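Residue 151 in full-length UniProt numbering sits at position 151 of the sequence shown; the count goes up by one each step and never skips.
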Amino acid sequence: MQPLRPGDRGPAVADVHAALRSLGLLPPAGSDGLEPGLESAEYDSGTELAVRHFQQVRGLSVDGRVGEETYRALSEARWSLGDRLLRYDPERPMRGDDVTNLQERLLELGYDAGRADGILGPETEAGLRAFQRDYGLTADGTCGPATLRALRQLGRKVTGGRPQLLRQSASFVESGPHLIGRRIVVDAGHGGDDTGFTEGETTEADLVFDLASRIEGRLAAAGATVYLTRGRAQGPALAERTAFANDARADLFISLHMDAHSSEHARGVASYYYGTGSGASSTVGEQFANLVRREVVARTGMLDLGSHPKTWDLLRMTRMPSVRLDSGYLSHPVDRLLLLDARVRSAIAHGVLAAVQRLYLPADADPPTGTFVLP
Numbered sequence: 001m002q003p004l005r006p007g008d009r010g011p012a013v014a015d016v017h018a019a020l021r022s023l024g025l026l027p028p029a030g031s032d033g034l035e036p037g038l039e040s041a042e043y044d045s046g047t048e049l050a051v052r053h054f055q056q057v058r059g060l061s062v063d064g065r066v067g068e069e070t071y072r073a074l075s076e077a078r079w080s081l082g083d084r085l086l087r088y089d090p091e092r093p094m095r096g097d098d099v100t101n102l103q104e105r106l107l108e109l110g111y112d113a114g115r116a117d118g119i120l121g122p123e124t125e126a127g128l129r130a131f132q133r134d135y136g137l138t139a140d141g142t143c144g145p146a147t148l149r150a151l152r153q154l155g156r157k158v159t160g161g162r163p164q165l166l167r168q169s170a171s172f173v174e175s176g177p178h179l180i181g182r183r184i185v186v187d188a189g190h191g192g193d194d195t196g197f198t199e200g201e202t203t204e205a206d207l208v209f210d211l212a213s214r215i216e217g218r219l220a221a222a223g224a225t226v227y228l229t230r231g232r233a234q235g236p237a238l239a240e241r242t243a244f245a246n247d248a249r250a251d252l253f254i255s256l257h258m259d260a261h262s263s264e265h266a267r268g269v270a271s272y273y274y275g276t277g278s279g280a281s282s283t284v285g286e287q288f289a290n291l292v293r294r295e296v297v298a299r300t301g302m303l304d305l306g307s308h309p310k311t312w313d314l315l316r317m318t319r320m321p322s323v324r325l326d327s328g329y330l331s332h333p334v335d336r337l338l339l340l341d342a343r344v345r346s347a348i349a350h351g352v353l354a355a356v357q358r359l360y361l362p363a364d365a366d367p368p369t370g371t372f373v374l375p
């Protein structure tokens with residue numbers, strides 16, 4: 001869809017207004033309670049401010065515009081647990097805040113419902129069926145009135161930490177410290193007609209593909225099985241990239257980007273992992289995002305911009321710990337000079353390799369940041 005932005009008018013804007021009002025982010029339509037005409041609905045400054053607030057709270061990119069991800073998030077936010085029957089549909093998985101609430105409730109009760117990402121997939125259905133069997137309900141995988149009553153009557157069983165953190169951490173510790181046989185998908189952002197940020201003959205798409213190739217070589221030398229989501233001239237859609245990683249049954253997913261901004265002061269390295277900022281998150285993804293960012297900063301001397309939870313589809317739709325690494329700003333003269341240097345890109349690749357290896361090491365064998373060198 002074409003993003004909606006300030007100055008736009010029409011039925012699509014009216015739909016956005018209705019969603020924002022239902023969430024309490026816009027005042028009622030008018031003192032008389034009547035909705036204005038659909039064609040006259042305007043995307044004004046108040047709408048932009050409400051959209052920015054919603055994006056911030058939901059872990060989306062805060063640009064004040066309503067693109068596909070923001071529109072989908074607005075639609076999902078309208079649902080509360082109990083508004084509809086919830087069941088698994090492999091062709092069109094149900095999405096919404098009610099699904100997130102169901103997943104969080106099952107996780108609190110100690111059932112493995114997968115990640116609390118608001119998408120009702122096979123893991124959530126399996127967790128729901130297990131709960132229904134244990135409570136003496138019909139284990140049909142459908143969350144209806146009887147299941148809702150049971151969920152509301154029971155108190156939390158898992159305490160002392162997020163249950164998904166306990167499961168994911170235990171799984172990684174038990175899998176051993178080696179990288180041999182690990183399946184890792186490396187995603188070079190942009191590609192094809194989408195060149196990303198361009199400065200002269202330098203394009204973000206070319207630089208991140210070069211970086212992805214360097215990372216692929218180092219991980220493969222360490223024994224991992226590495227897949228790239230695209231070739232040098234290809235530009236797959238976001239859904240194709242996430243589906244590729246899921247079909248490969250990858251253990252890790254790393255998406256590579258380089259940023260740009262109109263501000264002359266914007267520079268540095270940031271990493272992102274799936275999370276809402278209010279509890280639901282990919283805990284191993286969060287750990288990996290911190291590791292890879294710190295390793296890259298230590299080896300390049302670039303500014304550290306921290307790690308941040310986001311609900312971008314790139315991180316949400318992948319079924320394994322996933323991280324997006326923004327390794328500098330091509331719009332900043334200092335960062336750009338560093339990123340154009342092949343030695344710096346090699347240092348970033350070494351940093352990614354070190355972060356991947358450290359993710360699988362036990363705590364007592366984990367070396368200080370910036371010091372790990374693969375034997």
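Glycine residues also receive a C-beta, built at the ideal position from the N, C-alpha and C atoms. Every value quoted in this text rests on a predicted model; they were computed, and no experiment measured them.
Backbone CA spacing between Ala146 and Leu102 [nearest angstrom]: 14 Å
Is it the case that the Cβ atoms of Ile180 and Ala245 are separated by a distance below 9 Å? no
Rank Ser255, Arg299, Val16 by C-alpha distance to the C-alpha of Leu314 and give the top, closest one. Ser255
Apart from the five residues just before and just after Ala355, which ones in its own chain have a Cβ nearer than 7 Å to its Cβ? Phe288, Leu291, Val292, Glu295
Runs of 3 residues minimum, wholly inside the segment 42-77: which ones carry the beta strand (DSSP E) assignment? none
How many angstroms separate the CA atom of Ala222 from the CA atom of Met1? 42 Å
Touch check for the segment 226-240 and the segment 259-274: three-plus C-beta pairs under 8 Å? no
Return the CA-CA distance between Phe54 and Asp44, expressed in angstroms with no decimal places. 15 Å
Pull up the CB-CB distance for Leu74 and Ala19, whole angstroms please, since I reckon it's below 8 Å. 4 Å
Where does the unbroken alpha helix (DSSP H) through Ala19 begin, and where does it stop? For Ala19, the enclosing alpha helix (DSSP H) covers residues 11-22.
Suppose you measure from the CA of Gly160 to the CA of Arg78; what does that come to, to the nearest Å? Confidence is the limiting factor: at Gly160 the pLDDT is only 47, short of 50, which leaves the residue's position unreliable, though a coordinate-based value still follows. For Gly160 and Arg78, the distance between alpha carbons rounds to 31 Å.
Secondary structure at Ala139, three-state DSSP: helix, strand or coil? It is coil, neither helix nor strand.
Give the DSSP bridge partners of Arg324, in chain order. Ser255, Tyr272
Which one of Ala363, Asp364, Pro362, Arg358 has the shortest CA to CA distance from Phe372? Arg358
By the three-class DSSP mapping on this structure, what secondary structure does Ser40 have? helix
Span of the beta strand (DSSP E), counted from its first residue to its last, around Ile184: 183-188
Return the Cβ separation of Tyr329 and Ser307 in integer angstroms, given the expectation that the two are a contact with Cβ distance under 8 Å. Between Ser307 and Tyr329 the Cβ distance is about 17 Å, and since that is not below 8 Å, they are no contact.
Per DSSP, which residues does Pro309 bridge with? Please list them. DSSP lists Tyr273 as partners of Pro309.
Excluding sequence positions up to five away, which residues of its chain have a Cβ less than 6 Å from the Cβ of Met317? Thr242
In chain order, what residues of the same chain have a beta carbon less than 7 Å from the beta carbon of Leu207, not counting five sequence neighbours either side? Met258, Leu339
Can you tell me where the alpha helix (DSSP H) with Ser151 in it begins and where it stops? The displayed chain sequence assigns Leu, not Ser, to residue 151. Start and end: 145-153.
When you compare the CB positions of Asp187 and Ala212, do they come within less than 9 Å of one another, or not? It is a contact, given that the beta carbons lie within the stated cut-off.
Just to confirm my understanding: we take Ala220, look at its own chain, exclude 5 residues before and 5 after, and list those with CB closer than 8 Å. What are they? Val226
Spatial distance of Tyr119 from Arg92 (CA atoms): Here the sequence assigns Ile to residue 119, which means Tyr is not the residue at that position. C-alpha separation (whole angstroms): 10 Å.
Suppose contacts are defined by Cβ-Cβ distances below 9 Å. Is Pro11 in contact with Glu48 by that definition? no
Should Thr198 go down as buried or exposed, given a rule of 16 or more other Cβ atoms within 10 Å for buried? Exposed, because fewer than 16 other Cβ atoms sit within 10 Å of the Cβ of Thr198.
What residue does the beta strand (DSSP E) around Leu207 start on, and which one ends it? Unbroken run through Leu207 is the alpha helix (DSSP H), 204-221; no beta strand (DSSP E).
Pro28 classed as buried or exposed, judged by whether at least 16 other C-beta atoms fall within 10 angstroms: exposed
In DSSP terms, what Ala198 is bridged to: The sequence shown places Thr at residue 198, not Ala. Bridge pairing for Thr198: Thr203 [DSSP].
Across which residues does DSSP place Thr225 in a beta bridge pair? Arg183
Taking the alpha helix (DSSP H) that Asp134 belongs to, which residues open and close that run? 122-134
Per-residue burial, Ala363 [other beta carbons within 10 Å of its own, 16 or more giving buried]: For Ala363, the number of other beta carbons within 10 angstroms of its own is below 16, and it is reported as exposed.
If you compare alpha carbons, which of Glu204, Gly114, Phe209, Ala233 is closest to Ser331? Glu204
Between which two residues does the alpha helix (DSSP H) harbouring His332 extend? It is not in any alpha helix (DSSP H) - His332 carries neither H nor E in the DSSP assignment.
Measure the C-alpha to C-alpha separation of Glu201 and Gln234 and round it to an integer number of angstroms. 18 Å
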